[in-house]
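Presented below is the structure to which this report refers.
2 protein chains.
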Amino acid sequence: MYEITMASAYYKSGKHNDNAAFDLFFRKNPFDGEFTVFAGLSEVVNFVKNFRFTDEDIDYICNNAPKCDPEFRNWLKNIDTSTVKIYGLKEGSICFPRLPVMRIEGPLGICQLLESALLNLISFPSLIATNAARMRLASGKDKKLIEFGLRRAQGPDGAVSASRYSYLGGFDGTSNMLAGKLFDIPVSGTQAHAYIQSFSGLDEIKDLEFTDSEGKRRDLTGAVLKYQSKITNGNPNDGELASFISYAAAFPRDFLALVDTYDTLNSGIPNFLCVALALKEFGFEPVGIRLDSGDLAHLSKQVRKVFNNTGKKFKVDFSALKIVASNEINESTLASLERQGHEIDIFGIGTHLVTCQAQPSLGCVYKLVEVNDEPRIKLSQEATKVTIPGRKQCYRLIGREGYPLADVMLMPDENPPEVGKRFLCCHPFEKVKRTFIIPSRVITLHHLYWDGDDTEQLPSLEESRKYAREQLECTRPDHLRFTNPTPYKVSLSERLFNFMQELWSKEIPTGELD
Amino acid sequence: MYEITMASAYYKSGKHNDNAAFDLFFRKNPFDGEFTVFAGLSEVVNFVKNFRFTDEDIDYICNNAPKCDPEFRNWLKNIDTSTVKIYGLKEGSICFPRLPVMRIEGPLGICQLLESALLNLISFPSLIATNAARMRLASGKDKKLIEFGLRRAQGPDGAVSASRYSYLGGFDGTSNMLAGKLFDIPVSGTQAHAYIQSFSGLDEIKDLEFTDSEGKRRDLTGAVLKYQSKITNGNPNDGELASFISYAAAFPRDFLALVDTYDTLNSGIPNFLCVALALKEFGFEPVGIRLDSGDLAHLSKQVRKVFNNTGKKFKVDFSALKIVASNEINESTLASLERQGHEIDIFGIGTHLVTCQAQPSLGCVYKLVEVNDEPRIKLSQEATKVTIPGRKQCYRLIGREGYPLADVMLMPDENPPEVGKRFLCCHPFEKVKRTFIIPSRVITLHHLYWDGDDTEQLPSLEESRKYAREQLECTRPDHLRFTNPTPYKVSLSERLFNFMQELWSKEIPTGELD
Numbered sequence: 001m002y003e004i005t006m007a008s009a010y011y012k013s014g015k016h017n018d019n020a021a022f023d024l025f026f027r028k029n030p031f032d033g034e035f036t037v038f039a040g041l042s043e044v045v046n047f048v049k050n051f052r053f054t055d056e057d058i059d060y061i062c063n064n065a066p067k068c069d070p071e072f073r074n075w076l077k078n079i080d081t082s083t084v085k086i087y088g089l090k091e092g093s094i095c096f097p098r099l100p101v102m103r104i105e106g107p108l109g110i111c112q113l114l115e116s117a118l119l120n121l122i123s124f125p126s127l128i129a130t131n132a133a134r135m136r137l138a139s140g141k142d143k144k145l146i147e148f149g150l151r152r153a154q155g156p157d158g159a160v161s162a163s164r165y166s167y168l169g170g171f172d173g174t175s176n177m178l179a180g181k182l183f184d185i186p187v188s189g190t191q192a193h194a195y196i197q198s199f200s201g202l203d204e205i206k207d208l209e210f211t212d213s214e215g216k217r218r219d220l221t222g223a224v225l226k227y228q229s230k231i232t233n234g235n236p237n238d239g240e241l242a243s244f245i246s247y248a249a250a251f252p253r254d255f256l257a258l259v260d261t262y263d264t265l266n267s268g269i270p271n272f273l274c275v276a277l278a279l280k281e282f283g284f285e286p287v288g289i290r291l292d293s294g295d296l297a298h299l300s301k302q303v304r305k306v307f308n309n310t311g312k313k314f315k316v317d318f319s320a321l322k323i324v325a326s327n328e329i330n331e332s333t334l335a336s337l338e339r340q341g342h343e344i345d346i347f348g349i350g351t352h353l354v355t356c357q358a359q360p361s362l363g364c365v366y367k368l369v370e371v372n373d374e375p376r377i378k379l380s381q382e383a384t385k386v387t388i389p390g391r392k393q394c395y396r397l398i399g400r401e402g403y404p405l406a407d408v409m410l411m412p413d414e415n416p417p418e419v420g421k422r423f424l425c426c427h428p429f430e431k432v433k434r435t436f437i438i439p440s441r442v443i444t445l446h447h448l449y450w451d452g453d454d455t456e457q458l459p460s461l462e463e464s465r466k467y468a469r470e471q472l473e474c475t476r477p478d479h480l481r482f483t484n485p486t487p488y489k490v491s492l493s494e495r496l497f498n499f500m501q502e503l504w505s506k507e508i509p510t511g512e513l514d
Numbered sequence: 001m002y003e004i005t006m007a008s009a010y011y012k013s014g015k016h017n018d019n020a021a022f023d024l025f026f027r028k029n030p031f032d033g034e035f036t037v038f039a040g041l042s043e044v045v046n047f048v049k050n051f052r053f054t055d056e057d058i059d060y061i062c063n064n065a066p067k068c069d070p071e072f073r074n075w076l077k078n079i080d081t082s083t084v085k086i087y088g089l090k091e092g093s094i095c096f097p098r099l100p101v102m103r104i105e106g107p108l109g110i111c112q113l114l115e116s117a118l119l120n121l122i123s124f125p126s127l128i129a130t131n132a133a134r135m136r137l138a139s140g141k142d143k144k145l146i147e148f149g150l151r152r153a154q155g156p157d158g159a160v161s162a163s164r165y166s167y168l169g170g171f172d173g174t175s176n177m178l179a180g181k182l183f184d185i186p187v188s189g190t191q192a193h194a195y196i197q198s199f200s201g202l203d204e205i206k207d208l209e210f211t212d213s214e215g216k217r218r219d220l221t222g223a224v225l226k227y228q229s230k231i232t233n234g235n236p237n238d239g240e241l242a243s244f245i246s247y248a249a250a251f252p253r254d255f256l257a258l259v260d261t262y263d264t265l266n267s268g269i270p271n272f273l274c275v276a277l278a279l280k281e282f283g284f285e286p287v288g289i290r291l292d293s294g295d296l297a298h299l300s301k302q303v304r305k306v307f308n309n310t311g312k313k314f315k316v317d318f319s320a321l322k323i324v325a326s327n328e329i330n331e332s333t334l335a336s337l338e339r340q341g342h343e344i345d346i347f348g349i350g351t352h353l354v355t356c357q358a359q360p361s362l363g364c365v366y367k368l369v370e371v372n373d374e375p376r377i378k379l380s381q382e383a384t385k386v387t388i389p390g391r392k393q394c395y396r397l398i399g400r401e402g403y404p405l406a407d408v409m410l411m412p413d414e415n416p417p418e419v420g421k422r423f424l425c426c427h428p429f430e431k432v433k434r435t436f437i438i439p440s441r442v443i444t445l446h447h448l449y450w451d452g453d454d455t456e457q458l459p460s461l462e463e464s465r466k467y468a469r470e471q472l473e474c475t476r477p478d479h480l481r482f483t484n485p486t487p488y489k490v491s492l493s494e495r496l497f498n499f500m501q502e503l504w505s506k507e508i509p510t511g512e513l514d
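The listed protein sequences derive, respectively, from chains C and G. If you read the first sequence in my numbering, its first letter stands for residue 1, the second for the next number, and so on. If you read the second sequence in my numbering, its first letter stands for residue 1, the second for the next number, and so on.
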């Protein structure tokens with residue numbers, strides 16, 4: 001409604017075609033960290049490409065916005081986003097506060113209308129991708145991370161976005177089949193408690209059909225019960241055992257059992273082992289188990305020990321059995337598990353990943369920085385909320401060791417930093433904080449992705465995922481670490497710094513107290 | 001993927017047509033409170049009504065799920081949700097942990113497939129409605145609450161859901177025009193910083209067209225400048241003044257100005273007042289101002305004082321001017337503003353409302369409670385995670401003073417509680433906690449909303465909103481309060497309590513330590 005009302009007021013004062021530039025950026029990295037993974041670019045470009053109002057939309061708008069005259073109706077009907085330009089970072093880029101992740105240029109009226117939608121389409125994807133990347137850093141490279149969040153996400157499309165962008169940020173798959181289908185993400189998911197509870201005893205699987213790996217008819221239940229009599233620990237639940245047998249019969253190559261329905265160590269694990277041993281006997285490799293409650297570090301170590309001992313006792317190799325863990329896992333849990341030591345191979349993560357429980361919004365903003373080639377500043381009593389005026393050239397300066405040292409913004413007509421030459425980087429607000437950098441490499445950060453037409457091929461999800469991983473690998477680890485990470489420098493050229501200070505003191509009124 | 005895999009395993013073991021009942025419930029009220037507002041029912045019924053897989057879906061499923069044979073394909077293709085029954089609370093009901101907000105009955109295979117989707121469709125709506133209701137309680141009945149969250153919501157549809165269910169929970173409107181259009185919610189929104197920044201000085205509004213309330217051409221800028229010379233306080237910014245004049249010229253009946261772009265008290269307010277006085281002179285009523293930064297309690301009081309003094313000085317009535325406040329407002333801010341005293345009439349609330357920052361997920365669960373008339377229990381080492389077995393009759397018992405005293409669950413064949421007769425209510429887990437209640441009224445909580453056909457007219461958003469408000473009004477205030485609210489009783493009949501204990505001890509294996 002703001003955007004419509006403002007567009008209408010621009011239209012009435014004849015400013016709707018003024019040439020505007022808006023920066024889209026955030027002011028603080030999420031999750032108490034010092035980096036963010038940029039995502040959402042492709043959705044923005046597609047949104048802008050297809051942006052138009054139907055007659056029905058316009059009727060609604062004009063019945064609800066103040067004073068909607070025929071000329072403005074007509075303007076709304078003929079909005080042409082081919083007059084808009086979208087500059088942005090590459091999707092999957094590591095990025096930092098205040099440097100615009102996108103700049104939108106074009107007629108003031110149209111750029112204004114895009115504000116809320118663009119913020120929505122960048123904030124949540126970038127937040128999820130960052131959350132996923134942080135969980136990947138906390139769990140280590142060799143673990144498998146699966147997104148399990150559909151049931152807990154904020155709406156059906158919140159769930160699909162979460163699957164998509166957690167994959168971009170470094171997850172390996174999702175349990176959401178719609179997301180899998182739409183974005184070609186590997187899917188996984190086996191059984192939940194209901195399956196196990198639906199069985200009450202062994203009589204329910206009397207007529208089980210089962211053939212071994214060579215296609216011969218076999219008595220799976222008989223074999224399982226033979227092993228059961230040899231596995232003495234625990235006091236297993238019969239319904240659970242029946243459910244495992246029936247599941248193994250249905251999917252003998254995909255037997256992964258949820259073991260905590262009744263009691264993990266006293267029922268789930270012994271029941272799993274009997275079925276696993278029988279499957280082995282018939283030529284199949286059981287996959288493993290899932291823990292969904294209890295102390296995951298302790299249980300996983302206990303379970304691994306039982307697996308090894310049972311393998312030894314029955315002379316079978318159980319070393320490839322996977323332990324999957326789920327149950328309210330977040331970044332801190334992963335970090336704490338790493339510290340304690342554990343035997344988990346695969347993490348299933350839902351709520352904390354998809355809702356970003358630790359910080360459910362990135363807080364992106366969309367600020368006017370230039371009108372008709374004249375830079376604008378948005379002031380604030382808080383210095384960190386002041387915007388950096390004008391269209392800016394943005395570069396990343398890479399140091400001798402190959403790590404990025406700083407991002408720097410320059411005025412449009414300045415000479416870019418050069419390899420091997422000293423470049424003065426100024427803190428955006430504090431005059432005394434400045435440093436020379438001699439870059440070994442200079443990377444241009446903004447690319448033009450929409451200029452009335454797709455100007456660059458939009459990256460595939462797989463490409464952006466790969467790019468994000470590479471970016472994280474070549475970032476200095478102290479910027480990425482969980483505890484007290486080092487802030488990354490985002491700087492201004494000296495000319496831009498001075499220009500901003502000048503504009504600032506010109507626009508701000510002097511206060512008065514009495 | 002779980003649901004598909006399980007359905008496939010049920011199918012293979014011939015259990016897919018077993019008669020199942022699942023409870024959908026939550027274990028803990030959100031936001032450290034003691035109540036929840038139930039929402040999402042209509043979406044669930046519509047989802048179930050339209051639930052089917054396309055051939056393309058089935059191809060995808062069968063390429064990705066383990067062992068998908070032609071018979072299962074065929075079953076997927078012919079899923080018929082007219083065999084499913086949905087019982088639920090009325091949308092907008094106040095509800096409490098453990099009592100099922102819905103019960104789904106039907107073939108085990110189909111009910112299982114619905115799990116994740118139904119959880120998704122209930123959790124977020126109920127969470128948002130509860131969050132909105134809590135904000136309404138914190139702000140008081142006479143304030144206007146507008147949802148401003150599109151830019152910060154979790155995905156575009158997360159935003160639309162947030163608008164819809166915050167309205168249900170007691171908000172008055174939204175700034176999201178799509179939500180307004182889809183659900184007939186009042187919309188509002190005036191201007192943001194970009195509008196003000198887009199003006200740099202008075203020369204930009206030279207050719208302003210303006211007519212007074214009687215249609216006569218008038219010099220608005222001249223009138224404004226005349227008042228400016230008489231308003232001595234502050235050091236106002238000219239660009240801001242130009243933007244206010246242009247906005248007032250466009251919408252003289254809807255002039256609500258954002259006053260914190262440069263400096264609220266030294267620029268925004270004096271600029272607003274000059275324009276407001278000029279509008280008054282020409283027969284229009286200015287609407288008010290919006291504060292978007294700073295100390296809202298203090299500023300609102302200062303601004304009200306300036307409004308009153310200016311009104312007195314120029315002999316105009318400024319008492320109807322509205323003060324709107326936005327900027328990261330949450331429930332605690334509202335409560336704290338109430339304590340401090342303030343002069344705000346309207347709150348615009350975004351991030352904290354729509355992402356439910358204080359707790360972004362309700363954590364609903366969907367548990368199998370009965371198969372073929374045989375009750376099932378899901379055990380857990382944590383007593384509070386044990387499910388209450390079987391299909392249950394659910395009643396709310398109203399006390400002498402008209403307030404609900406307890407909700408109670410009974411076995412299907414028990415006699416319901418009767419008005420004026422003692423009924424023994426047992427705590428679900430603790431044997432010693434039990435109390436007699438003599439209800440003055442007994443309310444049946446579950447209604448059948450889907451039985452292969454819509455069995456009850458689904459309530460409109462407006463009806464559910466009204467119902468939620470009535471429910472809150474007739475709930476004892478100590479259950480609703482912000483600090484240390486009193487837990488509401490959710491109980492079992494004695495028979496259900498004993499039955500559950502019996503099943504529990506039968507199913508749980510005895511532990512063993514060595």
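Built from N, CA and C at the ideal position, the CB exists for glycine as well.
Proximity test, residue i beta-carbon vs the ligand MN heavy atom, cut-off 7 Å
i, result
"C/SER13", "Annotation note on the ligand MN: not contained in the displayed structure, which lists no ligands."
Residues near residue i in its chain [Cβ-Cβ closer than 8 Å; skip 5 each side]
i, result
"G/GLU79", "The residue asked about is misnamed: residue 79 of chain G is Ile in this sequence, not Glu. Cβ within range, chain order: PHE51, ARG52, PHE53, ILE110, LEU113."
"C/TYR10", "HIS16, ASP18, LEU108, GLY109, GLN112"
"G/SER326", "PHE148, ARG290, LEU291, ASP292, PHE347, GLY348, ILE349, GLY350"
For residue i, the three-state DSSP class (helix, strand or coil)
i, result
"G/PHE47", "helix"
"G/ALA358", "coil"
"G/GLY180", "helix"
"G/VAL306", "helix"
"G/TYR262", "coil"
"C/ILE122", "helix"
"C/VAL490", "strand"
"C/ASN29", "coil"
Identified DSSP bridge partners for residue i
i, result
"G/ARG396", "G/ASP407, G/ILE443"
"G/THR211", "G/ARG217"
"C/TYR87", "C/ARG103, C/LEU448"
Residue of the options minimising C-alpha distance to residue i
i, options, result
"G/GLY311", "G/SER336, G/GLY189, G/PRO270", "G/PRO270"
"C/ILE58", "C/GLU502, C/LEU76, C/HIS352, C/GLU105", "C/LEU76"
"C/LEU208", "C/PHE244, C/LEU480, C/MET177", "C/PHE244"
Sequence-distant residues of its chain with Cβ nearer than 6 Å to residue i (five each side left out)
i, result
"G/GLY350", "PHE148, GLY149, ARG152"
"G/ASN235", "ASN266"
"C/PRO404", "ARG396, ILE398"
"G/ARG217", "THR211"
"C/PHE537", "Chain C is shown only over 1 to 514; residue 537 of chain C falls outside these bounds and no answer can be derived."
"C/LEU119", "CYS364, TYR366"
Neighbourhood of residue i by C-beta, 7 Å cutoff - its chain only, sequence neighbours within 5 removed
i, result
"G/CYS95", "THR36, PHE38, LEU89, VAL101"
"G/ALA242", "PHE199, GLY201, LEU202, GLU204, ILE205"
"C/ARG134", "PHE31, GLY33, GLU331"
"C/GLU494", "LEU424, CYS426"
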